[in-house]
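Undergrad:
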Amino acid sequence: MQNQKSSLIVVSNRLPISIFNKEDHWEVKPSTGGLASALTGVKKQIDFTWIGWAGASFLQSQEESIKKELKKRKLVPIFINREQEEHFYHTFCNSILWPLFHYFTDHITHSCDSWKFYEEVNQLFADEILKQADKNATVWVHDFHLMLLPALLRQKRPDLKIGFFLHIPFPSSEIYRMFPKRESLLRGVLGSDYISFHTSDYARHFRLACLRILGSDSNADGVTYHGRRVGVGVNPIGMDITSFDNVLSDENYIEYIQEIKQRYKNHQVILGVERLDYTKGISLKLQAFERFLEKNPEFIGKVVLLQIIVPSRHDSLEYQRHRSEIEKAISRINGKYSKPGFIPVQYIYRNLPMDELIALYCLADVCVVASLRDGMNLVAQEFVYCASRSPFAGVLLLSEFAGVSHHLPHATLINPLDIESVADHLKKALNMPLIERKNKIDKMADSIAALDSPIWAKKFLDKLKVVAKRNESLNQNYSLSSQKRRKLLDSFIESKHRKIILDYDGTLREITSLPMKATPTDKILILLTELSTLKNTEVHIVSGRDAKTLGVWLGHLPLHLSAEHGYKYKLPNQDWQTLREFDLSWAPYVSELLNKAVEEVPGTFLETKESSLCWHYRLSDLDYGQWRAKELYTSLIHDLANLPVEIVPGKKVIEIRAQGISKGKYVDHILKTSHKEDFILSRTEGFENFVKEIKKLDKGLQKDWKNSDKLEEENFELKEYNKELKKDNERLKELNQACMEKIIVLKGNWRE
Numbered sequence: 002m003q004n005q006k007s008s009l010i011v012v013s014n015r016l017p018i019s020i021f022n023k024e025d026h027w028e029v030k031p032s033t034g035g036l037a038s039a040l041t042g043v044k045k046q047i048d049f050t051w052i053g054w055a056g057a058s059f060l061q062s063q064e065e066s067i068k069k070e071l072k073k074r075k076l077v078p079i080f081i082n083r084e085q086e087e088h089f090y091h092t093f094c095n096s097i098l099w100p101l102f103h104y105f106t107d108h109i110t111h112s113c114d115s116w117k118f119y120e121e122v123n124q125l126f127a128d129e130i131l132k133q134a135d136k137n138a139t140v141w142v143h144d145f146h147l148m149l150l151p152a153l154l155r156q157k158r159p160d161l162k163i164g165f166f167l168h169i170p171f172p173s174s175e176i177y178r179m180f181p182k183r184e185s186l187l188r189g190v191l192g193s194d195y196i197s198f199h200t201s202d203y204a205r206h207f208r209l210a211c212l213r214i215l216g217s218d219s220n221a222d223g224v225t226y227h228g229r230r231v232g233v234g235v236n237p238i239g240m241d242i243t244s245f246d247n248v249l250s251d252e253n254y255i256e257y258i259q260e261i262k263q264r265y266k267n268h269q270v271i272l273g274v275e276r277l278d279y280t281k282g283i284s285l286k287l288q289a290f291e292r293f294l295e296k297n298p299e300f301i302g303k304v305v306l307l308q309i310i311v312p313s314r315h316d317s318l319e320y321q322r323h324r325s326e327i328e329k330a331i332s333r334i335n336g337k338y339s340k341p342g343f344i345p346v347q348y349i350y351r352n353l354p355m356d357e358l359i360a361l362y363c364l365a366d367v368c369v370v371a372s373l374r375d376g377m378n379l380v381a382q383e384f385v386y387c388a389s390r391s392p393f394a395g396v397l398l399l400s401e402f403a404g405v406s407h408h409l410p411h412a413t414l415i416n417p418l419d420i421e422s423v424a425d426h427l428k429k430a431l432n433m434p435l436i437e438r439k440n441k442i443d444k445m446a447d448s449i450a451a452l453d454s455p456i457w458a459k460k461f462l463d464k465l466k467v468v469a470k471r472n473e474s475l476n477q478n479y480s481l482s483s484q485k486r487r488k489l490l491d492s493f494i495e496s497k498h499r500k501i502i503l504d505y506d507g508t509l510r511e512i513t514s515l516p517m518k519a520t521p522t523d524k525i526l527i528l529l530t531e532l533s534t535l536k537n538t539e540v541h542i543v544s545g546r547d548a549k550t551l552g553v554w555l556g557h558l559p560l561h562l563s564a565e566h567g568y569k570y571k572l573p574n575q576d577w578q579t580l581r582e583f584d585l586s587w588a589p590y591v592s593e594l595l596n597k598a599v600e601e602v603p604g605t606f607l608e609t610k611e612s613s614l615c616w617h618y619r620l621s622d623l624d625y626g627q628w629r630a631k632e633l634y635t636s637l638i639h640d641l642a643n644l645p646v647e648i649v650p651g652k653k654v655i656e657i658r659a660q661g662i663s664k665g666k667y668v669d670h671i672l673k674t675s676h677k678e679d680f681i682l683s684r685t686e687g688f689e690n691f692v693k694e695i696k697k698l699d700k701g702l703q704k705d706w707k708n709s710d711k712l713e714e715e716n717f718e719l720k721e722y723n724k725e726l727k728k729d730n731e732r733l734k735e736l737n738q739a740c741m742e743k744i745i746v747l748k749g750n751w752r753e
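For the sequence shown, the numbering used here gives the first residue as 2, with consecutive numbering after it.
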């Protein structure tokens with residue numbers, strides 16, 4: 002029986018279940034975790050197929066029966082073997098990416114072999130998704146385990162709408178660049194239509210990594226990558242409020258909370274709830290509590306720290322050692338401050354049922370979240386929501402390094418590393434009047450309601466839909482119908498003389514972080530050779546590059562080259578010529594100004610050409626570099642007002658060039674000196690302005706230019722120049738559209 006295709010697929014490393022083999026059936030139990038909890042809440046309101054690892058290794062003979070059992074729940078399992086589990090999950094994900102993204106570089110386990118397993122497992126996920134996804138389906142990929150997946154899907158199924166959400170922090174570019182496979186992960190994620198993070202900090206770090214590593218331009222809402230505009234946004238995840246309301250609204254449950262409070266009637270309760278992990282700051286919290294008791298002995302016997310630790314990564318020796326360190330610290334504190342009938346730290350190492358956990362949230366006087374790095378942190382949200390429904394209204398001490406701190410400004414923010422300060426905040430929190438506690442909690446509860454996980458999911462999917470639609474309108478131009486292909490080929494064959502005019506950077510070759518990295522690939526060289534050796538066909542490369550570089554890269558091919566925006570040009574097998582003489586006496590003065598800017602702005606550099614000077618700020622700090630570029634541009638306009646120069650802002654570059662130089666004038670020159678062509682095809686960066694210049698210069702010539710639509714997010718305009726076939730206007734219009742689509746297809750093929 003053929004599988005029914007899905008229009009919405011959610012993909013995560015783990016399915017939200019654990020599965021056990023009983024004598025005559027499979028027993029399926031829900032599993033815990035922030036992602037599982039949030040998406041389980043979403044699934045109650047939005048129907049989707051969930052694809053993920055089943056969480057263990059199974060015999061091949063068992064796989065079909067597991068699939069049938071999980072299909073009832075719209076869950077699709079991915080099966081990986083023990084070797085893949087070890088290298089992909091335990092080594093690459095948990096021992097490389099997890100510590101790297103959380104800034105714990107000293108915890109990274111370096112492995113040369115694990116990368117191929119990461120690729121393998123991402124491919125397994127891609128293969129299953131391609132089986133399950135309906136045409137034009139939406140695929141929502143979750144977290145760092147599957148960062149290669151969007152590009153794998155994009156390559157096979159460009160019709161899919163692909164979103165990616167990162168549940169952990171994205172580190173600063175300085176940290177991320179330490180990772181050897183840094184480019185591959187970024188390229189993988191950029192296969193998405195929309196990429197989202199918990200906070201604006203994480204989104205900014207990602208955009209800066211794309212700029213510094215891939216040379217991809219970005220602004221606050223997206224990254225330009227291979228002709229597509231990949232959306233980048235902020236969608237903080239929330240708790241599943243409905244599931245908490247179902248428990249809290251039960252009248253009997255309120256009585257249950259009162260009963261538990263009676264057990265601690267003589268003590269104030271400080272609550273800690275964490276999964277066992279070195280990023281959670283549990284040891285630092287214990288040190289702060291111990292210091293609090295040392296400084297405030299009057300609280301001994303009156304305050305307890307109730308520490309809940311949810312077991313995690315049982316097989317990891319590092320996590321076993323971490324647990325041992327925590328338990329030694331607890332034993333030390335209890336040995337030092339215990340009294341008959343009083344134990345200062347009460348420790349529970351297990352996963353609590355939801356109703357028990359909610360009861361603890363409601364009775365706690367203080368909840369301490371001491372994470373050293375945390376993507377969001379649902380514990381803080383859950384505590385605030387439950388405390389707002391409790392008559393006791395506890396106080397939240399929240400690490401400033403948790404993502405949720407951006408959304409809970411009324412929490413008491415702490416630096417977990419500042420032990421003295423945390424100890425002092427504990428005292429203030431325990432002494433805070435109830436009315437103040439209630440006021441803070443109620444304000445934060447309003448923020449929590451806005452983060453409800455179904456609302457979060459809807460906002461993400463709505464944004465994905467908008468961005469994907471924008472990219473779809475562009476992607477449509479990458480395909481060419483058989484009818485238009487035939488017309489294009491017929492017209493090309495029928496024409497007697499042809500000109501093909503192409504830019505280099507941004508057309509033949511994508512923009513790179515350093516200009517000299519954009520050397521022509523073998524594919525580009527082969528394509529240009531084939532085009533330029535066609536009979537009666539001229540290929541012109543119109544570039545802003547300097548003549549020496551263009552000559553080294555392309556001078557051996559039978560091409561017409563134009564360097565420095567038309568300042569110099571070269572016919573095949575001839576020397577470079579200057580279009581006309583220009584006043585360059587300003588160059589030393591401008592060079593001095595720009596060199597000062599290079600000294601003042603780290604990551605910038607000066608590129609010197611014969612007719613121009615270029616100040617590049619692509620590798621500078623994203624915000625500071627942009628701000629300084631605007632400041633420099635403004636000052637240059639004032640300082641150079643009386644000099645024969647033009648100041649041209651570009652993509653992360655400001656160029657000062659001799660007045661009167663432009664690509665348009667070069668093309669006007671070649672059109673005036675040749676009147677044979679009946680087929681001209683052009684694709685250059687900034688071609689719209691280029692054509693305006695030609696129109697101004699070309700008043701004396703009766704030439705027939707046909708306009709095409711300007712494509713969104715692209716400085717792209719195609720002009721079909723025809724002298725011989727003016728009478729067939731309709732055919733020209735069709736040909737113009739066909740040419741536009743064909744050149745975009747070729748553009749895609751040129752790039753690696």
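Using N, Cα and C, we set each Cβ at its ideal position, and we do this for glycine too.
Quick test of the definition: if touching needs 3 or more C-beta pairs under 8 Å, does the stretch 362 to 369 touch the stretch 262 to 280?
TA: Yes, since at least three Cβ pairs between the stretch 362 to 369 and the stretch 262 to 280 fall closer than 8 Å, the two stretches touch.
Undergrad: Give me the Cα-Cα distance between Glu-582 and Leu-555, rounded to the nearest whole angstrom.
TA: Spanning the two alpha carbons is a distance of roughly 25 Å.
Undergrad: Determine whether the beta carbon atoms of Phe-165 and Pro-151 lie at a separation below 8 Å.
TA: Contact flag set, yes.
Undergrad: Please report the straight-line C-alpha distance between Phe-606 and Ile-671, rounded to a whole angstrom.
TA: So the two alpha carbons sit approximately 34 Å from each other.
Undergrad: Go ahead and label Gly-148 buried or exposed: buried means 16 or more other beta carbons lie within 10 angstroms of its beta carbon, across all protein chains shown.
TA: Correcting the residue type first, residue 148 is Met in the shown sequence and not Gly. Buried, by the Cβ-count rule.
Undergrad: From the DSSP output, in three-state form, read off Asp-506 for me.
TA: Strand, per DSSP.
Undergrad: What is the rounded straight-line gap between the Cα of Met-517 and the Cα of His-323?
TA: Rounded to whole angstroms, Met-517 to His-323 spans 48 Å at the Cα level.
Undergrad: Scan the stretch 379 to 406 and note each continuous beta strand (DSSP E) run of 3 residues or more that stays entirely inside, going in chain order.
TA: You should have 396 to 400.
Undergrad: On the three-pair Cβ rule with 8 Å, is the stretch 453 to 472 touching the stretch 229 to 242?
TA: Yes: at least three Cβ pairs fall under 8 Å.
Undergrad: Near Asn-472, what residues of its chain come up, given a Cβ to Cβ distance below 7 Å and the 5 sequence neighbours on each side ignored?
TA: Here the set comprises Asp-194, Arg-229 and Arg-230.
Undergrad: Whole beta strand (DSSP E) runs in the stretch 148 to 188 with 3 or more residues, listed along the chain?
TA: Within the stretch 148 to 188, the complete beta strand (DSSP E) runs of at least 3 residues are 162 to 166.
Undergrad: Which one of Glu-401, Thr-513 and Phe-343 has the shortest CA to CA distance from Lys-652?
TA: It is Thr-513 whose Cα lies nearest to the Cα of Lys-652.
Undergrad: Considering only their Cβ atoms, is the gap separating Pro-17 from Asp-41 smaller than 8 Å?
TA: Note that residue 41 is Thr in the sequence shown here, rather than Asp. Yes, these two residues count as a Cβ contact at 8 Å.
Undergrad: Assuming the contact rule is C-beta atoms closer than 8 Å, Leu-585 and Ser-544 should be a hit. Round their C-beta distance to whole Å, please.
TA: Actually they do not touch by this definition, with Cβ atoms about 19 Å apart.
Undergrad: How far does the alpha helix (DSSP H) with Leu-528 in it extend, from its first residue to its last?
TA: Counting along the chain, the alpha helix (DSSP H) containing Leu-528 begins and ends at 523 to 533.
Undergrad: So for Val-543, helix, strand or coil by DSSP?
TA: Strand.
Undergrad: Using a Cβ-Cβ cut-off of 8 Å (strictly less than) and excluding sequence neighbours within five positions of Leu-452, which residues of its own chain qualify?
TA: Excluding sequence neighbours, Leu-452 sits near Pro-237, Ile-238, Gly-239, Met-240, Gln-382 and His-408.
Undergrad: Could you check the C-alpha separation between Arg-213 and Phe-207 for me, to the nearest Å?
TA: Taking the straight line from one Cα to the other gives about 10 Å.
Undergrad: Note down, one range per segment and in chain order, each beta strand (DSSP E) of at least 3 residues found wholly within the stretch 634 to 666.
TA: Counting only runs of 3 or more, we get 646 to 651 and 654 to 659.
Undergrad: Using DSSP with H/G/I as helix, E/B as strand and the rest coil, what is Gln-575?
TA: Looking at Gln-575 - three-state DSSP - the assignment turns out to be coil, as it is neither helix nor strand.
Undergrad: Can you give me the C-alpha to C-alpha distance between Leu-209 and Ile-415, rounded to a whole angstrom?
TA: Straight-line Cα distance between these residues: approximately 28 Å.
Undergrad: Can the beta-carbon of Ile-344 be found closer than 8 Å to that of Ile-310?
TA: No.
Undergrad: Give every residue of the same chain whose Cβ lies closer than 6 Å to the Cβ of His-103, excluding the five residues on either side of it in the sequence, and list them in chain order.
TA: Same-chain partners within the cutoff: Thr-280 and Arg-374.
Undergrad: Alpha carbon to alpha carbon, how far is Gly-626 from Phe-245? Give it in angstroms, no decimals.
TA: So the alpha carbons of these two residues sit roughly 46 Å apart.
Undergrad: Taking the DSSP output, what are the residues bridged to Leu-272?
TA: Its beta-bridge partners are Leu-307 and Cys-368.
Undergrad: Rounded to whole angstroms, how far is the Cβ of Trp-27 from the Cβ of Ile-67, which I believe are closer than 8 Å?
TA: With 8 Å as the limit, Trp-27 and Ile-67 qualify as a contact, their Cβ atoms being about 6 Å apart.
Undergrad: Considering only the beta carbon of each residue, do Ile-442 and Ser-389 sit closer than 8 Å?
TA: Their beta carbons are under 8 Å apart, which means Ile-442 touches Ser-389 by this criterion.
Undergrad: If you follow the alpha helix (DSSP H) that Asn-123 is part of, which residue opens it and which one closes it?
TA: Residues 115 to 133.
Undergrad: For His-561, which option in Gln-308, Val-668 and Ile-662 has the closest C-alpha, if you only look at C-alpha atoms?
TA: Minimum Cα distance to His-561 is reached at Val-668.
Undergrad: Quick check: the stretch 104 to 117 against the stretch 76 to 94, are at least 3 beta-carbon pairs closer than 8 Å?
TA: The stretch 76 to 94 vs the stretch 104 to 117: in contact.
Undergrad: I need the DSSP call for Trp-754, collapsed to helix, strand or coil.
TA: The structure shown does not extend to residue 754, since the chain is modelled only from 2 through 753, so no value can be given for it.
Undergrad: Do Leu-399 and Phe-293 come within 8 Å of each other at the CB atom, strictly closer than that value?
TA: No. Outside cutoff.
Undergrad: Tell me the rounded alpha-carbon separation between Tyr-634 and Glu-647.
TA: Straight-line Cα distance between these residues: approximately 11 Å.
Undergrad: Select from Gln-46, Asn-137, Leu-36 and Phe-59 the residue whose C-alpha is nearest the C-alpha of Ser-758.
TA: The displayed coordinates of the chain run from 2 to 753. Any statement about residue 758 would go beyond what the structure contains.
Undergrad: Rounded C-beta distance between Trp-616 and Ala-642? I'm assuming under 8 Å.
TA: Contact doesn't hold; Cβ gap of about 18 Å is too wide.
Undergrad: Could you have a look at Phe-1 and say whether DSSP puts it in helix, strand or coil?
TA: Nothing can be reported for residue 1, as the shown portion of the chain is limited to 2 through 753.
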